[in-house]
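Student: Mapped onto the numbering used here, the consecutive letters of the sequence shown carry residue numbers 5 to 261.
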Amino acid sequence: MQTILPHDLDLLEKLIAIARDAGDIILSVYATEFAVHTKANSSPVTVADERAEALILAALAKLTPEIPVIAEEAVAAGNIPNFDKNFWLVDALDGTREFINRNGEFTVNIALIENEKPVLGVVFAPALGRLFTGQVGQGAFQQQGWEQRTIHCRPLPEDGLTVVASRSHNDACALEALLSGRKVAAIKTAGSSLKFCLVASGEADMYPRWGRTMEWDTAAGHAVLLAAGGRVVDVAGKPLVYGKPGFTNPYFIASGV
5 MQTILPHDLD
15 LLEKLIAIAR
25 DAGDIILSVY
35 ATEFAVHTKA
45 NSSPVTVADE
55 RAEALILAAL
65 AKLTPEIPVI
75 AEEAVAAGNI
85 PNFDKNFWLV
95 DALDGTREFI
105 NRNGEFTVNI
115 ALIENEKPVL
125 GVVFAPALGR
135 LFTGQVGQGA
145 FQQQGWEQRT
155 IHCRPLPEDG
165 LTVVASRSHN
175 DACALEALLS
185 GRKVAAIKTA
195 GSSLKFCLVA
205 SGEADMYPRW
215 GRTMEWDTAA
225 GHAVLLAAGG
235 RVVDVAGKPL
245 VYGKPGFTNP
255 YFIASGV
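(1) Throw me the rounded Cβ distance for the G225 and V127 pair, which I believe falls under 8 angstroms.
(2) Which residues does DSSP pair with P48 in a beta bridge?
(3) Among the residues of its own chain, which have a CB less than 7 angstroms from the CB of E54, if the five just before and after it don't count?
(4) Work out the CA separation of F251 and P130 for me, nearest whole Å.
(5) Going by other Cβ atoms of all chains shown within 10 Å of its Cβ, with 16 needed for buried, is R158 buried or exposed?
(6) List in chain order: all unbroken alpha helix (DSSP H) runs of 4+ residues lying wholly within the segment 58–132.
(7) The beta strand (DSSP E) with E151 in it runs from where to where?
(8) For D25, collect the residues of the same chain with a Cβ closer than 8 angstroms to its Cβ; drop the 5 residues on either side in sequence, then sort them by chain order.
(9) Under 8 angstroms: do the segment 212–227 and the segment 85–102 share three or more Cβ pairs, one atom per stretch?
(10) If you compare alpha carbons, which of Q152, R106, I117 and K66 is closest to D88?
(11) Taking C-beta to C-beta, are R153 and Q146 nearer than 7 angstroms?
(12) Between the alpha carbons of A75 and V261, how many angstroms are there, rounded?
(13) Could you compute how far the alpha carbon of T264 sits from the alpha carbon of T111?
(14) Classify D209 as buried or exposed, calling it buried when 16 or more other Cβ atoms lie within 10 Å of its own Cβ.
(15) Taking just the CA atoms, how far does S32 sit from A240?
(16) Taking the beta strand (DSSP E) that V237 falls in, what are its first and last residues?
(17) Which term fits M5, buried or exposed, when burial requires 16 or more other beta carbons within 10 angstroms of its beta carbon?
(18) Going by beta carbon distance, what residues of the same chain come within less than 8 angstroms of G108, once the five residues before and after it are set aside?
(19) For G27, does the three-state DSSP call read helix, strand or coil?
(20) With 16 other CB atoms within 10 Å as the buried threshold, where does I114 fall?
(21) Extract the residue ranges of the beta strand (DSSP E) inside the segment 144–225, only unbroken runs of 3 or more that lie entirely within it.
(22) Classify G260 as helix, strand or coil using the three-state DSSP reduction.
What follows is the structure in structure tokens.
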């Protein structure tokens, strides 16, 4: 199978265009009184999830037909392609609950996995106009409006950690235990893959997740964070890997140091 190198800038620009097109579809639904359905796993889904994923699947099939795509709604429908070392992970609308609650904190996530590691990621928050990209070994960037800047994880502040936690999931007890004995300046909440990106951009220092996540929830943000100098490890300190049976992640800690 052909390997798509993480420094392929042309590929990144095409992924950005795909993510923005998916964001346009999502916002067109966001402006309506859309219906919410419940999947077999009790999680919500909307027509925005389905339409945006269909666009991304078609675009990636045209762009890299030799690389299989693992996408959230397709997997829920039982459509899992054969895959080996290289594959795409897609969550066309990460943060469906944020979308339903209309707080703007939902994202389009597209990531390339090579040998169990996320090497390229695009995270686009269409309602906020924030786009994050990361290529491992090539750096991470944020675009907002016409402005683009390089982003890096920051050194640990003297006044303590800023911790970012999930807005829609209650990890309060586990979070309190994890932070016991640490100097904490602030705890903020955010939805979707934005939590990874806040650490990557130096707006936060740690994102611990003591709850169920799937690989398509984390891969794109993980790639951005790695490219910005951060890391994501499980509770044993081992790097989070991809292509696991069932695509379920263990509990993890994303951090900038």
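Heads up, the beta-carbon is just placed ideally off N, CA and C, and yes, glycines get one too.
Tutor: The short version:
(1) 6 angstroms
(2) T42
(3) E77
(4) 26 angstroms
(5) buried
(6) 76–80 and 100–105
(7) E151 to I155
(8) L59 and A63
(9) yes
(10) I117
(11) yes
(12) 30 angstroms
(13) Because the chain here runs from 5 to 261, residue 264 falls outside it and cannot be looked at.
(14) buried
(15) 43 angstroms
(16) R235 to D238
(17) At M5, the pLDDT of 39 sits below 50, so the modelled position is not reliable and the matter cannot be decided from this model.
(18) E102, A129, A131 and L132
(19) helix
(20) buried
(21) 151–155, 165–170, 188–194 and 210–213
(22) coil
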